[in-house]
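Heads up, the sequence shown is in the UniProt record's numbering, so the first residue is 1 and it goes up one at a time.
Cβ atoms here follow ideal geometry from the backbone N, Cα and C, with glycine treated the same way.
Written below as structure tokens is the structure these notes are about.
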Amino acid sequence: MGRPVDEELSTLRARAYGPAADIHLDPAAQQRLAELEDAARPVPHEADVEEPAVDPREEEDAAPTATAASAVPVAEPSPPFWRRPRMRRALWIASVLAAASLAAGVTYAAVAFAPVPTSDGAAQIETLTPGAPVQIPDGFFGLVEGAPVYEYRGLTLFVSSYGFGSGTGGASEHCFNAVETALIPSPDEFNPESWGFDGNVWGGCSVGAFRATAVIPLRGPGAPDADLPEGRALQFVLDGDRIGVFLDRG
């Protein structure tokens, strides 16, 4: 073997038998090491010298010994540790476990946060559709002509150009407001240039995937003066041309 081949064999042996052995991760290097080790084994040659004459009687006495020796099988050289069946199986199992641990770590990183429920379990008690008989003057809290109007037990809800107190600015897509029906001025009394409103207004706007929502308290000084169900609060959610009504019974 030439010097480059010897250096290659030394390098591969270091990867196979050294303290930082990693050849079990490189099948091509394993095969190359096996080829070089097979080529490095010495090939026996017949001696060209003449053997001394042997007495026939000594030859007869030695014959059984030679026969017995020839009957003993020659032990094959042990394969490198990383080529043994048990070791190869152990390495395969280790690689599978490592991959599973990595996948579990990625999964944990993706879900390792405290989930927050999107609903408090309030029950939906009604669905509103447009068609309330109440007449609302155009421009009243953003109402535009022809906008859907809804009514619910002394409250009037209407789709508007902005949600009162929603704070969404120009990012909103759909808005609606809710007021006490008894406080809505008639179209003849309403002056869009100068008008006031002595009551509460609740509203909300949708942004992206989040729907327009308004929450109205049923207790305390901010509660509307209307014939509403017993509970702690009402939630109104605009969904297309419908409004869902949810009740927190408290």
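Residue i versus the options, residue with shortest Cα-Cα distance
| i | options | result |
| --- | --- | --- |
| ILE243 | ARG15, LEU33, ALA99, HIS174 | HIS174 |
| ASP227 | ALA209, THR156, TYR162 | THR156 |
| ASN177 | VAL215, PRO221, LEU36 | VAL215 |
| CYS205 | ARG249, THR127, GLY142, PRO224 | GLY142 |
| ALA16 | ALA29, ASN200, PHE236 | ALA29 |
| VAL201 | PRO19, ILE23, GLY208, ASP225 | ASP225 |
| GLY121 | GLY240, ALA233, PRO4, GLU7 | ALA233 |
| GLY139 | PRO185, LEU238, ARG13 | PRO185 |
| LEU25 | ALA132, GLY220, PHE210, ALA94 | ALA94 |
| GLY163 | ASN191, VAL207, PRO137 | VAL207 |
Residue i in three-state terms, based on DSSP
| i | result |
| --- | --- |
| residue 325 | Given a span of 1 to 250 for the chain in the structure shown, any question on residue 325 remains unanswerable. |
| ALA69 | The predicted position of ALA69 is uncertain, since its pLDDT is 49 and thus under 50; no value can be drawn from it. |
| ILE93 | helix |
| PHE197 | coil |
| ALA212 | coil |
| ARG242 | strand |
| GLU180 | strand |
| PRO187 | coil |
| ASP6 | helix |
Proximity of residue i and residue j at Cβ, strictly below 8 Å
| i | j | result |
| --- | --- | --- |
| THR181 | VAL134 | yes |
| ALA34 | LEU9 | no |
| LEU128 | VAL245 | yes |
| ILE125 | PRO229 | yes |
| GLY222 | GLY250 | no |
| PHE210 | PRO137 | no |
Is the segment 144–164 touching the segment 191–198 in the sense that three or more CB pairs, one from each, lie closer than 8 Å? no
Could you tell me which uninterrupted beta strand (DSSP E) segments, each at least 3 residues in length, are contained entirely in the segment 121–168, listed from first to last along the chain? 123–128, 149–152, 155–160
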